[in-house]
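Note that the protein sequences, when read in sequence, are chains A and B. In terms of numbering that gives the first Met the number 0, the first sequence has 67 at position 68, counting the first letter as 1, and numbering is strictly consecutive. In terms of numbering that gives the first Met the number 0, the second sequence has 25 at position 26, counting the first letter as 1, and numbering is strictly consecutive. For every residue, glycine included, the Cβ atom is placed at its ideal position computed from N, Cα and C.
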Amino acid sequence: MDVARVTGILLGIASSVLGLYGLVHLKPLPLSARLGTLAPVDRNQDGRISATEWTQVGRDSAAMVALDSNKSGFIEPAEAKRRRRPAGGAH
Amino acid sequence: MATDSAAAPSVPLAASAPKEHEFNGRVLWALTLLGVLYGFNVVDRGLLSLNLEPIKLELHATDTQMALATGIGFFLLNAIAGVPLARLADRYSRRDIIGIGFGFYSLVMGMMGLVTNFAGLLVTRMLLGVGEASGVAPASAMVNDLVSPRNRRKALAASRVFSAIIVMGMLSWLGHVADVYGWRASFYVLAVPAALLVPLVLFTVREPAREMTADGAPIAKVGFKEAWVRWRRSPAFLLVLFGFAVSGVTLQANGSWAGAFLARVRELSPTEIGTLAGISRGPALLLGSIAGAWLTDRLARNNHRWRFWVPGIMLICGTATEMVYLLASPYWVWMPAYLLTGALLLGSQASLIAVCMDVSGAGLRATGLAFAILVSNLLADLIGPTVIGVMNDTIFRSYGVEALRYSMAIVATLAAIGGTLIMAGAWFETEKTRSG
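Dropping the structure here:
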């Protein structure tokens, strides 16, 4: 086997080993990360924002009512992502 | 003119192409693998765009720094390394260069998952540029010799189809991986397939015979200086070269910022962006490339100038649809425009690459394409994404998240200018530079 093939195979193996090593040591992100820029508001990191958490950071409770489109009492990831979307806009 | 006499007419080259150069299982397998590797490159570019926001937040980087990482960081060494690697590909096995380059590229991709600061991101992006430079020009040169000139567009389009399948399969899935496990995971995932793909390229793809003259003699090697003397006397080459590069500014810059645009302005999640990018970029590449190649070949039977006009018209129309995608607010308006933009701008690439090789002249088609890619990288990829980042942080700063709309719209107009230059090149083409 020539030098070019050996080099290519060694690089390929090293790459795969590195990729697998990285994947093995990864953990799923906390649920709060799915809230995007609102993640810091989710103090208990349960992936949704309660009215208490919302007002604790000094935010307007009327804004929460507007965001809570399914009236669950929580801002969920899908609602957080839509929070700045203009009326009649995307999705 | 001495330079004219040195350039062998291309029609006899097409006629002298041996039968084995037509599509067969071996050629299709090579096109598949080359397309898969190119697909991984496209996925990588889309992946950085997809992860731009979370990487920026985690590394505490500014828009300008992220623009450097996506623009100069990647394309500076990509452009510099491209020419010597293309020259190596002219002398040694292109297959081996592609295989080694992909192994290196994948290794750096895995290293990107380890970066903890902006400097690390910049260094890995620069190394990634070297890895990708070893693939694009040598792969195009291989496709050039795998088939006869009259099948070149179809072969390039077929390769794009295979890459589109990879994009469709990978990007939406990687968006979900990034959503659940973070952006690092998506880079690790892309590093894994190298142990399989590199041996496949090195052991199952045969290095094709190089282009020959009409009487079966090897084409004399032409130095870069002599090549430039020929090219600078060819208005067709210069117009196509600059049209290719100028339109590349739009493709590269707006492609790099597409993920950030969808996240900031359209407020989509990584999963939604990945799905959307997979849905649009994959089928758009597929349909646009096939339609563009088929239409070009069909119309060029009656008038060879359609080889210039089809990609030129696609770029001009793509600019119009991109304006709609960027500036319109209703979902039912910007979404179809986004899909159409992908089909027109990305779909024009196979025909653009073919016309670049056409106007380069016999024996210089691969070198000409490598030079066009170099100029494109320097002008488009080096400046484009950076300009958008700088415009966001300066003249459009007061617009907040909406700044991207206007920065990208300004850059989008360059695709129409590039398309016009390429269309103009048709009027200056001569029999000596025509092929296929």
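Item                                                                                                                            : Value
Beta-carbon separation (whole angstroms), B/Leu106 vs B/Phe73, contact threshold 8 angstroms                                    : Contact flag wrong, Cβ pair sits at about 16 angstroms.
Assigned secondary structure, A/Ser68 (DSSP; H/G/I helix, E/B strand, else coil)                                                : coil
Cβ contact (3+ pairs, closer than 8 angstroms) linking the region 179-197 of chain B and the region 111-126 of chain B          : yes
Rounded straight-line distance, which links the Cα of B/Met211 to that of B/Ile218                                              : 5 angstroms
For B/Thr295 and B/Arg149, believed in contact at Cβ under 8 angstroms, the rounded distance                                    : The Cβ separation is near 12 angstroms, so there is no contact.
8 angstroms Cβ cutoff, A/Leu19 in contact with chain B                                                                          : yes
Sub-8 angstroms separation of B/Ala379 and B/Cys355 beta-carbons                                                                : no
Under 8 angstroms from the C-beta of B/Met110: neighbouring residues of chain A                                                 : Leu17
Residues that B/Met211 bridges to, as DSSP identifies them                                                                      : B/Pro217
Interface positions of the region 139-173 of chain B facing chain A (Cβ-Cβ less than 9 angstroms), listed along the chain       : none
Bridge partner(s) assigned by DSSP for B/Phe101                                                                                 : Answer is none; B/Phe101 lacks a bridge partner.
Closest residue to B/Met422 among B/Phe223, B/Gly291, B/Leu47 and B/Leu238 (Cα-Cα distance)                                     : B/Leu238
Span of the alpha helix (DSSP H) around A/Gln44                                                                                 : That residue, A/Gln44, is in no alpha helix (DSSP H); it is neither H nor E in DSSP.
Endpoints, the alpha helix (DSSP H) within which B/Ile164 is located                                                            : Arg151 to Tyr180
Collapsed DSSP secondary structure at A/Ile74 in the structure displayed                                                        : strand
B/Val197 at chain A interface by Cβ criterion, 8 angstroms                                                                      : yes
Beta-carbon proximity check, B/Ser288 vs B/Gly346, cutoff 8 angstroms                                                           : yes
Short Cβ contact (8 angstroms threshold) for B/Ser171 with B/Tyr37                                                              : no
Contacts of A/Pro6 in chain B (Cβ-Cβ under 7 angstroms)                                                                         : Before going on, a small fix: residue 6 of chain A reads as Thr here, not Pro. Those are Ile99, listed as they occur along chain B.
CB contact below 8 angstroms: B/Tyr187 versus chain A                                                                           : yes
Element boundaries [alpha helix (DSSP H), containing B/Lys224]                                                                  : Phe223 to Arg231
Cβ of B/Val179 within 8 angstroms of any chain A Cβ                                                                             : yes
Assigned exposure category for B/Arg44 - 16 Cβ within 10 Å defines buried                                                       : buried
Environment of B/Glu401 [buried if 16+ CB atoms lie within 10 Å]                                                                : exposed
Residues of its chain near B/Ser4, where Cβ-Cβ distance is below 8 angstroms and the 5 sequence neighbours each way are ignored : Its pLDDT being 36, under 50, B/Ser4 is placed unreliably in this model, and the coordinates cannot settle the point.
Chain A contact for B/Ser105 (CB, 8 angstroms cutoff)                                                                           : yes
When B/Val160, B/Thr63 and B/Ala60 are compared against B/Thr31, the one with the closest alpha-carbon                          : B/Val160
Coil, strand or helix - B/Met417 by DSSP                                                                                        : Rather than Met, the amino acid found at residue 417 of chain B in this sequence is Gly. Note: B/Gly417 maps to helix in three-state DSSP.
Contact check, B/Val386 vs B/Val410, beta carbons under 8 angstroms                                                             : yes
Option in B/Leu51, B/Ser246, B/Gly341 and B/Met322 with minimal Cα separation from B/Gly174                                     : B/Leu51
CB of A/Leu10 within 8 angstroms of CB of B/Val179, strictly                                                                    : no
Segment limits, alpha helix (DSSP H) that includes B/Trp308                                                                     : Trp305 to Leu326
Residues near B/Ser406 by beta carbon distance below 7 angstroms, same chain, minus five either side                            : Ile387, Met390, Asn391 and Phe395
As assigned by DSSP and simplified to three states, the class of B/Glu131                                                       : helix
Beta-carbon proximity list for A/Asp45, same chain, < 7 angstroms, skipping 5 on both sides                                     : Leu30
Nearest to B/Ala136 (by Cα), restricted to the options B/Ile97, B/Glu206, B/Val323 and B/Ser255                                 : B/Ile97
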